[in-house]
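According to my numbering, the sequence shown is numbered sequentially starting from 6. Glycine included, every Cβ here is placed at the ideal spot set by N, Cα and C.
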Amino acid sequence: MTYAAITGWGMYVPEPVLSNADLEKMVDTSDDWIVTRTGIKERHIVAPHETTSTMGSAAAREALERAGVRPEAIDILIVATTTPDQLMPSAACLIQTALGARRAGPVDINAACSGFVYALAIGAQFVRSGASRTVLVVGVDTMSRFLNYEDRNTCILFGDGAGAVVLQATTQPSGVLSIDLGAIPGTGELLEIPGGGAAHPATAETIAQNLHFMTMQGRDVFKYAVRAMGDSSAKVIADAGLVPDEIALVIPHQANLRIIEATAKRLELPMERFYVNIDRYGNTSAASIPIALCEAEAEGRLRPGDSVVLTAFGGGLTWASAVVKWGP
Ligand code: UT7
């Protein structure tokens with residue numbers, strides 16, 4: 006039996022910080038409202054010279070170094086992003102070039118904030134089937150370039166960043182043990198970037214109508230998120246042959262502290278078993294889970310043999326969860 010172990014991990018967040026106090030000067034909001042309703046205190050925003058591919062490459066380099074894998078050894082390079090540098094070529098092609106991963110098959114996938122877990126699931130299948138030995142998975146988004154900083158419903162929530170993991174074949178029962186992927190039909194309009202695609206190609210008019218910015222019906226998304234993350238986590242735990250109490254750590258998508266708390270309640274697990282860093286980064290979309298994974302590991306909260314749940318939801322509305330057994 007072949008398993009897909011996580012052998013390297015890395016993250017990158019840009020240096021510039023946008024605090025709640027900064028946002029108070031931009032829109033009608035307050036630090037108190039943002040902290041109470043979301044748990045966010047600050048988020049990092051790309052510098053002018055940075056993009057999705059530069060951040061993704063930085064996180065990938067760290068993951069490869071940790072795994073001791075040379076870029077030429079990568080078979081498949083999967084980038085989860087909703088905010089590629091441009092529509093074509095893909096962010097994965099740009100990252101392939103930046104890394105010198107000349108043998109890799111590069112591809113982007115878009116499942117919004119659930120994207121990293123989708124990419125991990127797809128990458129793990131390549132490894133487990135024997136089709137590939139080494140897969141690089143990157144979750145990266147530059148949300149700040151698609152936010153309307155006059156819309157308080159969205160601009161206070163998101164930050165920029167990137168995370169990456171290396172998956173390698175092993176015979177030890179570890180890595181990605183179970184996965185659950187899905188979406189709720191008919192909910193696309195609750196969270197969207199309507200302009201710039203084939204339905205509304207960019208014109209002066211679409212720009213004037215702000216169609217190139219993200220819009221969101223936050224309250225509806227919130228309700229779907231809690232149900233999807235709770236039910237999907239329960240499913241992957243059962244599919245891995247485990248019960249919730251055997252889960253050492255849940256690494257949830259960092260969208261809103263109250264969503265994480267409600268998911269914990271739904272799973273009947275204490276908040277101590279949930280990793281939270283939303284206060285420092287906000288919602289970094291496809292990057293949130295790999296960034297949280299890196300920080301959880303650095304803080305000693307991931308030990309070899311631990312069963313860990315990754316669970317996310319996002320635009321689509323999509324959801325994705327996985328149980329990962331940490332360690333060699
Ligand atoms: O990765 C997926 C991405 N999406 C999400 O994670 C979104 C999930 N949804 C949420 O996190 C929450 O729904 C929000 C944080 C977006 C909003 O929190 P809420 O508790 O659902 O607030 P609400 O939309 O029900 O609004 C409550 C009040 C409203 O005022 P009134 O009508 O009660 O007078 C809003 O106008 O808060 C007002 N409000 C704000 N006030 C200050 C909305 N946004 C803000 C703001 N600052 N930024």
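Secondary structure of residue i, DSSP reduced to three states
i	result
LEU195	helix
GLU47	strand
ILE79	coil
THR59	helix
GLN223	First, the residue type needs correcting, since residue 223 is Gly and not Gln in the sequence shown. Helix, per DSSP.
SER330	According to the sequence as given, residue 330 is Lys; it is not Ser. LYS330 falls in the strand class under three-state DSSP.
ALA239	helix
THR316	strand
VAL74	coil
MET334	The question about residue 334 has no answer, for the chain in this structure spans 6 to 333.
ASP185	strand
THR208	coil
THR12	strand
THR323	strand
SER24	strand
GLY120	helix
VAL40	helix
LEU69	helix
VAL231	helix
Integer Cβ distance of residue i from residue j, believed to fall under 8 Å
i	j	result
LEU247	ASP311	Going by Cβ atoms, the distance from LEU247 to ASP311 rounds to 11 Å, so no, they are not a contact pair.
LEU322	VAL226	7 Å
Residue i and residue j closer than 8 Å at C-beta
i	j	result
ILE83	VAL112	yes
TRP324	SER237	yes
GLY320	LEU162	no
ASN158	MET234	no
ALA65	GLY166	no
THR147	ASN115	no
ASP244	SER183	yes
SER58	ASP90	yes
ALA260	ILE294	no
ALA327	LEU125	yes
ALA52	PRO21	yes
VAL181	ILE256	no
ALA169	VAL143	yes
VAL329	ILE11	yes
VAL171	VAL74	yes
ALA174	ARG138	yes
GLY164	ILE264	no
VAL145	LEU315	no
For residue j and residue i, the rounded distance between their alpha carbons
i	j	result
GLY202	CYS118	19 Å
ARG48	SER62	20 Å
PHE131	ARG71	21 Å
THR268	LEU186	17 Å
GLY120	ARG133	20 Å
GLU302	ILE100	25 Å
GLY44	TYR154	19 Å
LEU8	VAL140	This sequence places Tyr at residue 8; Leu is not what is there. Spanning the two alpha carbons is a distance of roughly 12 Å.
ILE198	ALA209	16 Å
VAL281	ALA297	7 Å
ALA207	ARG108	35 Å
PRO275	GLY223	25 Å
Any non-hydrogen atom of the ligand ADP within 7 Å of residue i CB
i	result
THR268	With respect to small molecules bound, the structure shown includes the ligand UT7 and not the ligand ADP.
Interface flag, residue i vs chain C, CB-CB below 8 Å
i	result
SER312	The structure shown contains no chain C; it is built from a single protein chain.
Uninterrupted alpha helix (DSSP H) stretches inside the stretch 87-116 (no shorter than 4 residues): If we require 4 residues or more, the alpha helix (DSSP H) runs fully inside the stretch 87-116 come out as 96-104.
Length-filtered (3 minimum) beta strand (DSSP E) runs lying within the stretch 126-166: List check, beta strand (DSSP E) in window: 139-147.
Runs of beta strand (DSSP E) wholly within the stretch 246-310 (minimum 3 residues, chain order): 254-257
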